[in-house]
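Structure first, commentary second.
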DNA sequence: ATGAAAGCGCTAACAC
DNA sequence: GTGTTAGCGCTTTCAT
């Protein structure tokens, strides 16, 4: 394989100093425009591209952005990654994606790998964990937490979802339709989001004068299976409820799966309010009522926070409101 | 910000030569095990990570893999990217994803950026284009074409889908159910996949003694809208058919969308065979009969082809068979 | 306007 | 078993 073409290759080829080539290629004014054009032309012909490793070694920013998310199968994450990737293309950034599967160990490994590459910035959905990562792990990396907030060894900006109002809206909406036994399926109280959503649910139930029996507040480690199981319990009558409100992406998909597999009539047998808005929610059962998140906005904000110009002294928490989308499952 | 810790930092800290540190950290046998352990311990304490840029400059492989795909919204691509990302995690590879949106210009830019980073290998879904990229673009990059095959300035391995048999199976299946007017919705003949799928459809129709009117073979630039439009034409009666076979991911989703929006009764009004198997196909309308692709296998093969040990002299085309999954839409 | 030297972090190739 | 040197590609600093 022919050696790759460098500024020295070009310099030799043209019989000049590699310094002149360097200057020409970075459009320095200190080169005769004639020489510059000659050099640029030759560089293009030879297929020259600058070596990012050499740049990085000199301490220039690598323009590498790391994305740590649980997976790409969940449509919310996929859409977020998609939006972010487009923004990165447009801003000449390299996006490196690591799937953590919500595992703190994998997360640690991913961060180490990113650090090797002199990654400039990271956007992460932190894995649930009791341990706090060592501060070393983030050395030199501008970090933004996305969706969730974990205790980090330093202050980091974060982007969070403000969905309490949508959950209250969901309860009001169902109550207005005459539902009394509304069941909430959400993440457990170890997650701050879990606590807040649950609190919003309970508050709204009380506002509507509806009793909140324990069975109506189902929380656990959020997962597809958890959603499916609890929905099945409702359909089988083990849990007495006429409506479901989901408080998590996977939970929502799981609960929906169970309803569809059981051939439940929605909303007659069971009214259903999902969480997140995968494309097919619009289609199935005439449309699933759901809590939708402003994905593009979130991605734009994430990138915004990474740009150095945006350095602020205090750590900021950026909240974005969700929206209850009414369709035909309620 | 404190300077980042290097082997020299550690060497100074320990009052030894940076070379000994280097050896210790790469487990060279030429270090007293006592010294080695001391060094490794201190390195861990200081949060040392090796600098990939320095490595790259010395000519070591970067272990960076580029993935060029149209988008992450299409569930097939998302699942492929997910599977590949997991494999990369497990093989200590860095995965850089670029979205091309099927645009040759974006593709070119992405390749250039990857070349800057000394990317070792690329897996790409080539954008449809009449022009052939310059050979420079791929210099030093092991390339694998995925799903589609474009003419490249050199020989590259490729991974393709062998779906002709599934399309024939689809026709047989519908014919056995008594359908005579089966409409095929696929990509146009400029795509090799388009030609092959169409040929398979026609061949199978003839095998079953079914007439192939022009209107029953609908091909165009494949897209969601194309699928939606043609499906609508069928539902409205503009195209006279009792069954649809889709020959593309986006087409399939578009056609399905149109059917669901129109509240078509499936399979009574219209039998439907999709392409690809997004998770929700299992749910809606009691399950959509579809042509499913072995995604995990494809990803594994893609990575396999990138490993250097796998160097073969001749370019290979690796074909993977799809499977017709029978559900309740037919 | 152009060139020479130095150094970023790392390791192969040599000393010793 | 350990230390010294040189060089990967690039740009900043200092000549000329």
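Chains as they are written, first to last, in my numbering: chain D, 5 to 334; chain B, 5 to 334. Just so you know, even glycine gets a beta-carbon here, dropped at the ideal spot from N, CA and C. Since the structure is predicted, the reported quantities are computational estimates derived from the model, not experimental observations.
Residues near residue i by beta carbon distance below 6 Å, same chain, minus five either side
{"i": "residue 247 (chain D)", "result": "178, 183, 186 and 275"}
{"i": "residue 304 (chain B)", "result": "none"}
{"i": "residue 80 (chain B)", "result": "253 and 280"}
{"i": "residue 219 (chain B)", "result": "243"}
{"i": "residue 106 (chain B)", "result": "74 and 131"}
{"i": "residue 64 (chain B)", "result": "none"}
{"i": "residue 204 (chain D)", "result": "168, 171 and 172"}
{"i": "residue 236 (chain D)", "result": "262"}
{"i": "residue 206 (chain D)", "result": "216"}
{"i": "residue 114 (chain D)", "result": "72 and 102"}
Residues near residue i by beta carbon distance below 7 Å, same chain, minus five either side
{"i": "residue 25 (chain D)", "result": "11, 14, 15 and 43"}
{"i": "residue 323 (chain B)", "result": "164 and 166"}
{"i": "residue 110 (chain B)", "result": "104"}
Sub-8 Å separation of residue i and residue j beta-carbons
{"i": "residue 294 (chain B)", "j": "residue 281 (chain B)", "result": "yes"}
{"i": "residue 223 (chain D)", "j": "residue 198 (chain D)", "result": "yes"}
{"i": "residue 256 (chain D)", "j": "residue 231 (chain D)", "result": "yes"}
{"i": "residue 1 (chain B)", "j": "residue 225 (chain B)", "result": "Residue 1 (chain B) lies beyond the range of chain B shown here (5 to 334); nothing can be said about it."}
{"i": "residue 288 (chain D)", "j": "residue 288 (chain B)", "result": "yes"}
{"i": "residue 333 (chain D)", "j": "residue 270 (chain D)", "result": "yes"}
{"i": "residue 138 (chain B)", "j": "residue 191 (chain D)", "result": "no"}
{"i": "residue 265 (chain B)", "j": "residue 208 (chain B)", "result": "no"}
{"i": "residue 55 (chain B)", "j": "residue 120 (chain D)", "result": "yes"}
{"i": "residue 160 (chain D)", "j": "residue 301 (chain D)", "result": "no"}
{"i": "residue 146 (chain D)", "j": "residue 170 (chain D)", "result": "no"}
{"i": "residue 76 (chain B)", "j": "residue 76 (chain D)", "result": "yes"}
{"i": "residue 133 (chain B)", "j": "residue 174 (chain B)", "result": "no"}
Contacts around residue i, its chain only, beta-carbon distance under 8 Å, and the 5 residues preceding and following it disregarded
{"i": "residue 233 (chain B)", "result": "258 and 262"}
{"i": "residue 153 (chain B)", "result": "130, 162, 164, 196 and 321"}
{"i": "residue 71 (chain D)", "result": "85, 88, 99, 100, 101, 102, 126, 127 and 128"}
{"i": "residue 18 (chain D)", "result": "25, 42, 43 and 46"}
{"i": "residue 210 (chain D)", "result": "216"}
{"i": "residue 117 (chain D)", "result": "102"}
{"i": "residue 92 (chain B)", "result": "69, 98, 99 and 307"}
{"i": "residue 34 (chain B)", "result": "27"}
Within-8 Å CB hit, residue i to chain B
{"i": "residue 119 (chain D)", "result": "yes"}
{"i": "residue 58 (chain D)", "result": "yes"}
{"i": "residue 55 (chain D)", "result": "yes"}
{"i": "residue 324 (chain D)", "result": "no"}
{"i": "residue 284 (chain D)", "result": "yes"}
{"i": "residue 116 (chain D)", "result": "yes"}
{"i": "residue 44 (chain D)", "result": "no"}
{"i": "residue 333 (chain D)", "result": "no"}
{"i": "residue 61 (chain D)", "result": "yes"}
{"i": "residue 122 (chain D)", "result": "yes"}
Residue i at chain D interface by Cβ criterion, 8 Å
{"i": "residue 288 (chain B)", "result": "yes"}
{"i": "residue 51 (chain B)", "result": "yes"}
{"i": "residue 253 (chain B)", "result": "no"}
{"i": "residue 32 (chain B)", "result": "no"}
{"i": "residue 8 (chain B)", "result": "yes"}
Whole-angstrom C-beta distance between residue j and residue i, which should lie under 8 Å
{"i": "residue 148 (chain B)", "j": "residue 29 (chain B)", "result": "Residue 148 (chain B) to residue 29 (chain B), Cβ: 33 Å. No contact."}
{"i": "residue 60 (chain D)", "j": "residue 66 (chain D)", "result": "5 Å"}
{"i": "residue 69 (chain D)", "j": "residue 102 (chain D)", "result": "Not confirmed; about 11 Å, so no contact."}
{"i": "residue 129 (chain B)", "j": "residue 150 (chain B)", "result": "5 Å"}
{"i": "residue 299 (chain D)", "j": "residue 112 (chain D)", "result": "Between residue 112 (chain D) and residue 299 (chain D) the Cβ distance is about 27 Å, and since that is not below 8 Å, they are no contact."}
{"i": "residue 143 (chain D)", "j": "residue 8 (chain B)", "result": "6 Å"}
{"i": "residue 297 (chain B)", "j": "residue 250 (chain B)", "result": "About 13 Å separates the two Cβ atoms, so there is no contact after all."}
Any non-hydrogen atom of the ligand SAM closer than 7 Å to residue i Cβ
{"i": "residue 215 (chain D)", "result": "Absent from the structure shown: the ligand SAM. Ligands present: none."}
**Request:** Mind checking the stretch 261 to 279 of chain D against chain B and listing, in chain order, the residues whose C-beta falls within less than 7 Å of any C-beta there?
**Result:** 261 and 264
**Request:** Could you run through the stretch 216 to 243 of chain D and flag, in chain order, every residue whose CB is less than 7 Å away from some CB of chain B?
**Result:** none
**Request:** Could you name the residues of the stretch 128 to 155 of chain D whose beta carbon sits closer than 7 Å to any beta carbon of chain B, in the order they occur along the chain?
**Result:** 138, 140, 143 and 144
**Message:** Beta carbons nearer than 7 Å to chain B: which residues of the stretch 71 to 93 of chain D have them?
**Reply:** 75, 76, 77, 82, 83, 85, 86, 89, 90 and 93
**Item:** Residues from the stretch 93 to 111 of chain B in contact with chain D, defined by Cβ distance under 7 Å
**Value:** 93, 98, 99, 100, 101, 102, 103 and 110
**Message:** For the stretch 184 to 212 of chain D, list every residue whose C-beta sits within 8 Å of some C-beta in chain B, in sequence order.
**Reply:** none
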